[in-house]
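2 protein chains.
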Amino acid sequence: MTKPAKGAPVLPLDTVLPGDCIEVMNRLPEESVDLIFADPPYNLQLRGDLHRPDNSRVDAVDDHWDQFDSFAAYDAFTRDWLKAARRILKPNGAIWVIGSYHNVFRLGAELQNQGFWILNDVVWRKSNPMPNFRGKRLTNAHETLIWASKSEGAKYTFNYEALKALNEGIQMRSDWVLPICTGHERLKDGRGDKAHPTQKPESLLHRVLVGTTNPGDVVLDPFFGTGTTGAVAKMLGRNYIGIERETTYRDLAARRLSRVRKLDAEALTVTASKRAAPRVPFGQLVERGLLRPGEVLTSPRGKTARVRADGTLVGEDVKGSIHQVGAAFEGAPSCNGWTYWHFRRDGKTVPIDRLRQQIRDEMADRPN
Amino acid sequence: MTKPAKGAPVLPLDTVLPGDCIEVMNRLPEESVDLIFADPPYNLQLRGDLHRPDNSRVDAVDDHWDQFDSFAAYDAFTRDWLKAARRILKPNGAIWVIGSYHNVFRLGAELQNQGFWILNDVVWRKSNPMPNFRGKRLTNAHETLIWASKSEGAKYTFNYEALKALNEGIQMRSDWVLPICTGHERLKDGRGDKAHPTQKPESLLHRVLVGTTNPGDVVLDPFFGTGTTGAVAKMLGRNYIGIERETTYRDLAARRLSRVRKLDAEALTVTASKRAAPRVPFGQLVERGLLRPGEVLTSPRGKTARVRADGTLVGEDVKGSIHQVGAAFEGAPSCNGWTYWHFRRDGKTVPIDRLRQQIRDEMADRPN
DNA sequence: AGCTCGAATGAATCGTCCC
DNA sequence: GGGGACGATTCATTCGAGC
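Protein chains in written order, with UniProt numbering: chain A, 1 to 368; chain B, 1 to 368.
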């Protein structure tokens with residue numbers, strides 16, 4: 001670890017520092033931090049209210065700290081805090097930033113402009129995202145993290161084997177499926193509402209810190225919020241430094257951190273869960289060209305239906321999913337379309353389930 | 001479709017145009033294209049001093065098609081081709097770009113700078129990516145697409161129900177699991193090697209075009225390569241315009257396209273949105289005797305209102321349309337009266353929307 | 001205690017038409 | 001173009017009430 005020169009500022013470990021993150025970082029000794037994890041404001045630019053189909057109102061992120069006047073203002077802010085972060089980062093240190101499409105392109109471009117060297121972009125695929133209530137866009141089901149070293153050629157920390165172990169013996173990929181932060185983990189305010197609008201799940205920080213830091217490293221989070229980075233760092237035996245402007249969040253973080261205990265090595269072992277057979281939408285067979293739009297499927301009793309480009313079927317007087325059309329043909333309340341429908345290949349009649357199995361086999365070879 | 005003014009350039013449909021995409025786009029009529037799909041060079045071999053601004057023009061790109069002197073040169077190139085693309089895009093048109101972490105942050109930022117309005121970023125999660133052989137980083141298992149309208153508030157095309165059908169009845173998410181282009185689909189050169197280094201899978205384009213264009217739309221691809229965009233567009237009954245500088249790729253694309261057949265109309269028909277269904281005034285239910293004046297309707301929470309002869313409702317202290325009275329009862333800004341109100345028949349509680357569906361079915365049987 | 005069912009909720013750039 | 005009316009639209013998970 002770099003030792004500060006005589007008279008130089010000292011690195012305050014395992015504390016939450018109040019104030020603006022740029023000013024606070026500028027008072028810290030240069031090249032003293034191993035990892036920076038930053039979850040900056042996203043600049044969401046929300047307009048009106050949004051309601052669910054049941055008319056309940058969506059609790060939006062309308063906090064003052066997420067408001068910027070323009071892209072130029074947001075870029076200036078990004079430039080300044082990244083520059084301050086860069087100064088305190090050790091030469092072989094690394095940085096993680098997280099964002100959504102609202103801000104992540106500006107984050108990534110500025111990282112590159114300042115000479116950071118992007119190692120991976122990582123997609124946090126949310127297993128339970130909020131749906132798109134109006135049906136006007138795709139479900140916004142992921143956020144993006146960028147992992148970068150301080151410069152090209154720097155010797156960053158990467159615990160390849162640890163991440164491989166976390167992933168059941170297979171090399172960790174750049175897409176991580178993790179649930180959003182809910183339930184007991186989600187900090188509440190006095191009235192039982194969420195204490196912070198954008199609290200990140202500890203599982204996400206767990207993977208980041210296990211994969212790219214070592215025990216004893218110093219991890220700094222300039223947008224500390226309610227302290228998820230600190231909580232996981234402490235648990236994993238890393239040192240943390242949090243910076244947070246809002247008193248409310250700082251107090252919550254301090255209380256939270258006081259309750260966290262460092263895990264012993266044995267407790268850090270993760271139990272792997274068996275995953276169920278992945279769901280394969282019928283439409284994927286069409287997209288992948290395993291079945292052509294217009295192709296005729298037959299039922300065991302000789303009924304026929306044609307495949308459409310969106311993965312629905314059209315039979316006589318009926319259209320819908322493979323299950324719906326099958327059920328209608330049989331006059332049954334339900335029907336497993338996968339085993340009901342067949343197609344012809346090389347003179348043989350084959351159930352479409354064979355094609356689903358083919359896709360599942362591909363996924364099993366290279367799971368996650 | 002916008003008709004070109006007398007003497008204005010004509011839109012060449014279903015062809016592959018030779019030349020530099022910026023020059024070629026600048027010769028096309030403005031506001032004439034419905035969708036642009038762009039897979040620009042990835043700038044994979046970045047080197048050089050990032051602090052030395054390189055003001056060289058796009059033409060300064062050297063012999064290798066994916067090499068640029070610096071981020072500045074890449075940004076200038078991005079700015080120029082996006083500007084040309086923007087000019088030929090219809091006001092309600094949209095653009096897709098695809099990239100990796102090497103270039104996508106610069107693409108996204110420049111899209112925003114030019115006034116494009118990002119609708120989603122989409123992660124193409126590769127089910128069979130190339131592993132990271134040296135174990136120094138995460139497996140780079142995805143690429144990023146950005147979907148943007150020409151401006152905020154523009155009426156872009158989004159076939160919500162078709163994508164939902166492709167995904168077995170659950171709304172499509174922003175992460176798409178699709179295999180990379182291999183096997184028969186991968187075009188080979190004379191020696192049996194891959195003909196193009198970054199050929200995209202047709203499944204990816206299938207989802208893009210089914211979801212965000214309609215049959216007959218004009219789809220332009222300024223970096224056409226071996227013509228995946230054109231092949232899927234032709235198959236799906238969309239018109240394509242490809243631009244490609246390299247003769248080799250153009251020839252391969254032309255041969256490929258000549259073999260593609262357009263699907264028949266039925267296969268192209270896609271599950272439609274309810275928004276397209278004919279409007280049925282509530283009063284028509286009363287006129288037709290499906291509901292009697294004076295009849296009592298109930299809400300899910302037990303509120304009641306009575307039907308009047310003119311198709312309005314009267315509740316306690318409120319009268320007006322089914323929507324207005326529902327909204328007033330719920331204290332909500334708006335309410336869909338069709339799903340909110342129920343009536344009783346044969347001892348069962350039925351939403352009035354059932355009656356509207358009955359009328360719509362009759363209209364479909366005997367269209368007028 | 002165990003089960004079922006309903007309510008609540010999450011970083012969201014979430015209408016369209018007609019007058 | 002502004003304002004008002006119509007009316008389209010949700011997935012996974014957790015927690016608590018009620019039985």
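Cβ atoms here follow ideal geometry from the backbone N, Cα and C, with glycine treated the same way. Values in this document were obtained by computation on a predicted structure and should not be read as measured data.
Beta carbon proximity, residue i to chain A, threshold 8 Å
i, result
"B:E330", "yes"
"B:V270", "yes"
"B:P53", "Low per-residue confidence applies at B:P53: pLDDT is 33, beneath 50, and the placement is therefore not dependable, though the value from the model is reported in the following sentence. With 8 Å as the cut-off, B:P53 does not count as an interface residue toward chain A."
"B:R356", "no"
"B:R279", "no"
"B:L257", "no"
"B:S174", "yes"
"B:R106", "yes"
"B:F343", "no"
"B:A233", "no"
"B:L44", "Because B:L44 carries a pLDDT of 47, less than 50, the predicted location of this residue cannot be relied on, and the following value inherits that uncertainty. False, the Cβ-Cβ gap to chain A never drops below 8 Å."
"B:Q171", "yes"
Candidates the options: closest to residue i by CA position
i, options, result
"A:I146", "A:K126, A:A253, A:E168 and A:L111", "A:L111"
"B:R125", "B:E266, B:R173 and B:A276", "B:R173"
"A:R245", "A:R256, A:L187 and A:D221", "A:D221"
"B:Y249", "B:H196, B:L209 and B:T213", "B:H196"
"B:L89", "B:S70, B:K136 and B:I36", "B:I36"
"B:R137", "A:N120, A:P40 and A:T139", "A:N120"
"A:A253", "A:L236, A:S203, A:T229 and A:R261", "A:T229"
"A:R292", "A:P215, A:R261 and A:R344", "A:R344"
"A:Q199", "A:G183, A:E31 and A:I352", "A:G183"
"A:Y42", "A:T144, A:V260 and A:F158", "A:T144"
"A:F77", "A:T298, A:T349 and A:C21", "A:C21"
"A:T247", "A:G227, A:L263, A:N239 and A:S258", "A:G227"
"B:V10", "B:L28, B:V16 and B:E23", "B:L28"
CB contact below 8 Å: residue i versus chain B
i, result
"A:K136", "yes"
"A:V179", "According to the sequence shown, residue 179 of chain A is Pro rather than Val. For A:P179, the answer is no, since every Cβ of chain B falls outside 8 Å of its Cβ."
"A:V16", "no"
"A:E316", "no"
"A:F282", "yes"
"A:N113", "yes"
"A:E287", "yes"
"A:V307", "yes"
"A:Y74", "no"
"A:F71", "yes"
"A:D189", "no"
"A:D63", "no"
"A:D353", "no"
"A:S273", "Its pLDDT being 35, under 50, A:S273 is placed unreliably in this model, and the value from its coordinates should be taken loosely. Chain B, which has no Cβ nearer than 8 Å to the Cβ of A:S273, makes this no."
"A:D34", "no"
Burial state of residue i (16 or more Cβ within 10 Å)
i, result
"B:R52", "With a pLDDT of only 32 at B:R52, under 50, the local geometry of the prediction cannot be trusted, and no value is derived from it."
"B:R279", "exposed"
"B:D317", "exposed"
"A:K155", "exposed"
"B:A267", "buried"
"A:H64", "exposed"
"B:H142", "buried"
"B:G347", "exposed"
"B:E161", "buried"
"B:F133", "exposed"
Any non-hydrogen atom of the ligand MG closer than 7 Å to residue i Cβ
i, result
"A:V318", "The model on display carries no ligand, and the ligand MG is accordingly not part of it."
Beta-bridge pairing of residue i - partner residues as DSSP gives them
i, result
"B:K188", "B:K194"
"B:H342", "B:T298 and B:P351"
"B:V314", "B:R306 and B:K319"
"A:D221", "A:G242"
"B:I22", "DSSP output for B:I22 lists no bridge partner at all."
"B:D175", "B:V123"
(request) Below 9 Å between beta carbons is the criterion; list the residues of the segment 138–150 of chain B that meet it against any residue of chain A, in chain order. (result) L138, T139, N140, A141, H142, T144, I146 and W147
(message) Give me the subset of the segment 197–212 of chain B whose CB atoms are less than 7 Å from a CB atom of chain A, sorted by chain position.
(response) Contact annotation: in the segment 197–212 of chain B, residues whose CB is within less than 7 Å of a CB in chain A are E202, S203, H206, R207 and V210.
(request) Name, going along the chain, the residues of the segment 115–131 of chain A whose beta-carbon falls closer than 8 Å to a beta-carbon of chain B. (result) Within the segment 115–131 of chain A, the residues whose Cβ lies closer than 8 Å to any Cβ of chain B are, in chain order, G115, I118, L119, N120, D121, V122, V123, R125, P129 and P131.
(message) Output needed in chain order: residues of the segment 157–168 of chain B with a Cβ under 7 Å from some Cβ in chain A.
(response) Going along the segment 157–168 of chain B in chain order, one finds F158, Y160, A162, A165, L166, N167 and E168 with a Cβ nearer than 7 Å to chain A.
(message) Using a Cβ-Cβ cutoff of 9 Å, what residues of the segment 291–303 of chain A are near chain B? List them in chain order.
(response) R292, P293, G294 and E295
(request) For the segment 78–110 of chain A, enumerate the residues whose C-beta is nearer than 9 Å to any C-beta of chain B, in chain order. (result) S100, Y101, H102, V104, F105, R106, L107, G108, A109 and E110
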